[in-house]
Amino acid sequence: MPFQIALVEDHAVMRRAYAHILHREPDCDLSHVFEDAESLDRVLGQMECDIVLMDLSLPGMGGIEMLARIGVVRPDIHAIVVSAHQERFFVLQAQQAGACAYLTKRDLAVQLAPAIRRVMKSASRTFFAPGYSSF
Numbered sequence: 000m001p002f003q004i005a006l007v008e009d010h011a012v013m014r015r016a017y018a019h020i021l022h023r024e025p026d027c028d029l030s031h032v033f034e035d036a037e038s039l040d041r042v043l044g045q046m047e048c049d050i051v052l053m054d055l056s057l058p059g060m061g062g063i064e065m066l067a068r069i070g071v072v073r074p075d076i077h078a079i080v081v082s083a084h085q086e087r088f089f090v091l092q093a094q095q096a097g098a099c100a101y102l103t104k105r106d107l108a109v110q111l112a113p114a115i116r117r118v119m120k121s122a123s124r125t126f127f128a129p130g131y132s133s134f
């Protein structure tokens with residue numbers, strides 16, 4: 000059964016890019032798409048999902064706050080941040096808020112599917128961020 004993936008991304012072009020990338024992967028199903036964190040928050044408790052892919056810079060509730068909400072409401076869901084922010088500060092904030100992985104949008108096409116598989120295979124919540132030194 001494919002991994003059920005929810006996406007939180009406010010830019011339509013990026014939503015299409017995610018859909019294009021994930022459509023090629025037989026073990027990934029983009030089952031939910033949200034334009035903001037509040038929309039995810041309204042259904043988070045009832046949603047069937049393995050992974051939430053999310054941006055940090057969102058209108059309204061930001062990504063860091065939403066990561067914390069996921070950890071409280073649905074600790075069974077793995078969160079992967081995909082952001083344009085490349086500064087270590089943002090990576091550390093995402094890690095502290097509960098993200099399992101941090102990817103940059105620049106390398107999305109190459110890193111997304113392997114990151115999803117790595118997160119789903121991991122027995123622990125070990126954080127990783129390709130391209131950054133160890134934390």
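For the sequence shown, numbering that gives the first Met the number 0 gives the first residue as 0, with consecutive numbering after it. No residue lacks a Cβ here, since even glycine has one placed at the ideal position from N, Cα and C.
Under 8 Å between C-beta atoms of residue i and residue j
{"i": "Leu102", "j": "Gln110", "result": "yes"}
{"i": "Ile69", "j": "Phe2", "result": "no"}
{"i": "Tyr131", "j": "Val71", "result": "no"}
Through-space distance from residue j to residue i, alpha-carbon basis
{"i": "Leu66", "j": "Ala78", "result": "7 Å"}
{"i": "Ser56", "j": "Gly62", "result": "6 Å"}
{"i": "Ala16", "j": "Gln94", "result": "24 Å"}
{"i": "Val32", "j": "Gln85", "result": "24 Å"}
{"i": "Phe134", "j": "Arg23", "result": "Summary for Phe134: the model assigns pLDDT 47, below 50, so the residue's position carries little reliability, and this model does not support an answer."}
{"i": "Gly44", "j": "Asp9", "result": "21 Å"}
{"i": "Arg14", "j": "Ile115", "result": "17 Å"}
{"i": "Ala83", "j": "Leu107", "result": "10 Å"}
{"i": "Phe127", "j": "Gly97", "result": "12 Å"}
{"i": "Pro25", "j": "Met0", "result": "9 Å"}
For residue i, the nearest candidate out of the options (CA to CA)
{"i": "Ala5", "options": "Leu52, Ala18, Ala11", "result": "Leu52"}
{"i": "Leu39", "options": "Leu21, Met60, Pro25", "result": "Met60"}
{"i": "Cys99", "options": "Ala108, Glu86, Arg117", "result": "Arg117"}
{"i": "Ile20", "options": "Phe127, Lys104, Tyr131", "result": "Lys104"}
{"i": "Asp54", "options": "Val81, Gln45, Glu47, Glu37", "result": "Val81"}
{"i": "Pro58", "options": "Cys48, Ile76, Pro74, Glu37", "result": "Glu37"}
{"i": "Glu47", "options": "Arg73, Arg87, Asp26", "result": "Arg73"}
{"i": "Pro129", "options": "Pro113, Ser123, Lys120", "result": "Pro113"}
{"i": "Val42", "options": "Pro25, Cys27, Val7, Asp26", "result": "Val7"}
{"i": "Asp35", "options": "Asp75, Glu64, Arg124, Cys27", "result": "Glu64"}
{"i": "Cys27", "options": "Met119, Thr125, Arg87, Phe88", "result": "Met119"}
Contact belief for residue i with residue j at Cβ below 8 Å, rounded distance in angstroms
{"i": "Ala11", "j": "Leu29", "result": "Incorrect: roughly 14 Å between the Cβ atoms, too far for contact."}
*Which whole runs of the beta strand (DSSP E) in the segment 91-131 are 3 residues long or more, in chain order?*
As far as the segment 91-131 is concerned, its whole beta strand (DSSP E) runs of at least 3 residues are 100-103.
*Of all the beta strand (DSSP E) runs that stay within the bounds of the segment 61-88, which reach a length of 3 or more residues?*
Correct list: 77-82.
_alpha helix (DSSP H) segments (min. 4 residues) lying fully within the segment 2-28_ = As far as the segment 2-28 is concerned, its whole alpha helix (DSSP H) runs of at least 4 residues are 11-22.
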